[in-house]
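Visitor: Here you go, one structure.
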Amino acid sequence: MFMPRRGFAEEPVRPKMSRRDSAEIYEIICIFMWFVLAVGMFHVIFFNSVPGLPELQEKYRTDGLIFIGLLFALDTIAILRFDFLAKNREKINFEQSMKDYRSLRDIWLENKKNLMQKEYLPAEDSEAIQNDSEGEVSQKNELEETSSEE
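By this note's numbering, the letter at position 98 of the sequence shown is numbered 99, and the numbering carries on one by one without gaps.
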C-alpha cells in the first residue's frame with residue numbers, strides 16, 4: 002500500500018489494520034447470487050402450495066431443491082474463500098505499510114534529532130559532535146577494511 006509523502010517535517014501516520022480488504026466485483030456478484038439462490042430455495046420450499054400459483058410436480062420440486070441447494074452450497078464456499086483471500090490481502094498490505102511506516106519514522110526521528118542538535122547546541126559543540134561522528138565512521142571503515150583484508 003502506498004503511503005503519501007507529506008515531507009519529513011511531520012510525524013508519519015501509523016497504518017491501521019482493518020479486518021479485511023475491500024470487496025471486489027466478483028465477490029459482490031457472488032453475494033448477489035447467494036441472495037437470489039436463497040430466495041429461490043425459499044420459494045420452492047414454501048410457495049409450492051399457495052393457491053393461484055401453478056403446482057410443481059414432486060419430481061421437479063425435488064430436482065429444483067437439489068440443484069438450487071448445490072448452487073447455494075457452492076456459492077457459500079466461494080464467498081468464504083473470497084473473504085479468506087481478502088483477509089490475507091489486508092494482512093500483506095498492512096505488513097508492507099508497517100515496513101514503510103518504520104522506515105519513514107526512522108528518517109523522521111533522525112531529522113528531528115539533527116534539528117534539535119542544531120537548535121539547542123552551540124555552533125562549536127555541534128561541529129565537535131559532527132567531527133566526532135565523522136571520526137567514528139572513519140574508524141569503523143578502517144576496522145572493516147582491516148577485517149576484510151584478513
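Note that beta-carbon positions come from the ideal geometry of N, C-alpha and C, so glycine has one too. Values in this document were obtained by computation on a predicted structure and should not be read as measured data.
1) Would you say Met1 and Asp76 are within 7 Å of each other, going by their C-beta atoms?
2) Going by the C-beta, is Phe85 closer than 6 Å to any heavy atom of the ligand GDP?
3) Helix, strand or coil: how does DSSP classify Glu28 here?
4) Where do the N-terminal and C-terminal ends of the alpha helix (DSSP H) with Pro99 fall, by residue?
5) Met2 to Arg90, Cα distance in whole Å?
6) So that I know if they touch, is there some Cβ in chain D lying closer than 7 Å to that of Ser104?
7) For the candidate residues Arg15, Ala24, Glu11, Lys17, whose alpha-carbon lies nearest to that of Arg82?
8) Pick helix, strand or coil for Phe48, following the three-state DSSP scheme.
9) May I have the straight-line CA-CA distance separating Ala87 from Glu96, to the nearest angstrom?
Guide: From the atom records:
1) The structure shown has nothing for residue 1, since the chain only spans 2 to 151.
2) For the ligand GDP, the structure offers nothing, since it holds no ligand at all.
3) If DSSP states are grouped into helix, strand and coil, Glu28 belongs with the helices.
4) Here residue 99 turns out to be Met, not Pro, going by the sequence shown. Per DSSP, Met99 belongs to the alpha helix (DSSP H) from 59 to 121.
5) Caution applies to Met2, whose pLDDT of 49 falls short of 50 and renders its modelled position unreliable; the value that the coordinates give is listed next. The straight-line gap from Cα to Cα measures roughly 10 Å.
6) Absent here is chain D; the protein component of the structure consists of one chain.
7) With distances taken between CA atoms, Arg82 lies nearest to Ala24 out of Arg15, Ala24, Glu11, Lys17.
8) In the displayed model, Phe48 falls within coil according to three-state DSSP, outside both helix and strand.
9) Our two residues, Ala87 and Glu96, have alpha carbons roughly 14 Å apart in a direct line.
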